[in-house]
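S.K.: Sharing a structure here in C-alpha cells format.
Residue numbers (my numbering): -11 to 150.
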C-alpha cells in the first residue's frame, strides 16, 4: 500500500496529508498546504479558493526617470489594469532612492483572485490597442521591461490539478 492509499495517515515533511473518510487521501509536498473541510471530507482547497495569481511588471527606467515613470504608471496605466480585474499589491523601487543620473528598477505586483480571473484579464487586454500605445508613449522613460506571472509555492500543485 502506498502513501496515497493510506486512510488517515500522518506523514511529516515533505508531504502534507489531508485526512479523508473515503478511501483516498490527498497529498501535497508543501508543508502547511491549506486544507478545506466540507461534508466530513478534507481535501486540498479548490484552485478558486486559494490560488491567487500574481502579475509582476519589472521595469528598468532610464537614468533619472523612475519617479516620473511611477507617477505615470499609477495615473495612466493602473486605472485600466484595475478595470481588467487586477488589484495593485505594491510598487517597489530599487534601490530606494530617486536617482538623477542612474537607473532604478521598479517592480509592480498585481494580484488576481484565481486563474480564471487571470485569463479574463488577459483576454480583455490583448485586443486593447491603448495598452501598446501607452507603452510606446512612455518609451523615453524605459530601458527595459518584463512581465511575469507567478503563484505562491504552496498553490502550484493546486494550479496543476485544475
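All C-beta atoms, glycine included, are put in the ideal place defined by N, C-alpha and C.
#1: Between which two residues does the alpha helix (DSSP H) carrying residue 71 extend?
#2: Return helix, strand or coil for residue 138, following the three-state DSSP convention.
#3: Classify residue 146 as helix, strand or coil using the three-state DSSP reduction.
#4: Can you tell me whether residue 106 is buried or exposed? The criterion is at least 16 other CB atoms within 10 Å of its CB, across all chains shown.
#5: Quick one: Cα of residue 39 to Cα of residue 58, how far?
#6: Rounded to a whole number of angstroms, what is the C-alpha to C-alpha distance between residue 71 and residue 60?
#7: Tell me where the alpha helix (DSSP H) around residue 88 begins and ends.
#8: Hey, residue 133 and residue 41 are a contact pair by Cβ (cut 8 angstroms); roughly how many whole angstroms apart?
#9: Give me the residue from 145, 80, 84, 142 with the minimum Cα distance to residue 94.
#10: Roughly how many angstroms separate the alpha carbons of residue 144 and residue 75, rounded to a whole number?
#11: So, does the stretch 111 to 130 touch the stretch 49 to 57, judging by three or more C-beta pairs under 8 angstroms?
#12: In chain order, what residues of the same chain have a beta carbon less than 7 angstroms from the beta carbon of residue 108, not counting five sequence neighbours either side?
#13: Based on Cα-Cα distance, which residue from 104, 53, 65, 43 lies nearest to residue 121?
#14: Could you give the uninterrupted runs of the beta strand (DSSP E) lying entirely in the stretch 88 to 114, keeping only those of 3 residues or more?
#15: With DSSP collapsed to three states, give me the class of residue 118.
#16: Note the first and the last residue of the continuous alpha helix (DSSP H) segment covering residue 63.
#17: Whole-angstrom Cβ separation of residue 135 and residue 45, contact assumed at under 8 angstroms?
M.R.: According to the data block:
#1: It spans 66 to 71 - the alpha helix (DSSP H) in which residue 71 sits, taken as one unbroken run.
#2: DSSP, reduced to helix, strand and coil, places residue 138 within a strand of the structure shown.
#3: Assigned with DSSP and collapsed to three states, residue 146 falls in helix.
#4: Buried: at least 16 other Cβ atoms inside 10 Å.
#5: Distance between the alpha carbons of residue 39 and residue 58: 28 angstroms.
#6: Going by the C-alpha atoms only, they are around 17 angstroms apart.
#7: Where residue 88 is concerned, there is no enclosing alpha helix (DSSP H), given that its DSSP letter is neither H nor E.
#8: Incorrect: roughly 19 angstroms between the Cβ atoms, too far for contact.
#9: By alpha-carbon distance to residue 94, the top candidate from 145, 80, 84, 142 is 80.
#10: Per the coordinates, the alpha-carbon of residue 144 lies some 20 angstroms from the alpha-carbon of residue 75.
#11: A contact exists between the stretch 111 to 130 and the stretch 49 to 57.
#12: Answer for residue 108: 73, listed in chain order.
#13: Closest by alpha carbon: 65.
#14: Fully enclosed beta strand (DSSP E) runs of 3 or longer: 93 to 100.
#15: Residue 118 falls in the helix class under three-state DSSP.
#16: Careful: residue 63 lies outside any alpha helix (DSSP H) and carries neither H nor E.
#17: Going by Cβ atoms, the distance from residue 135 to residue 45 rounds to 5 angstroms, so yes, they are a contact pair.
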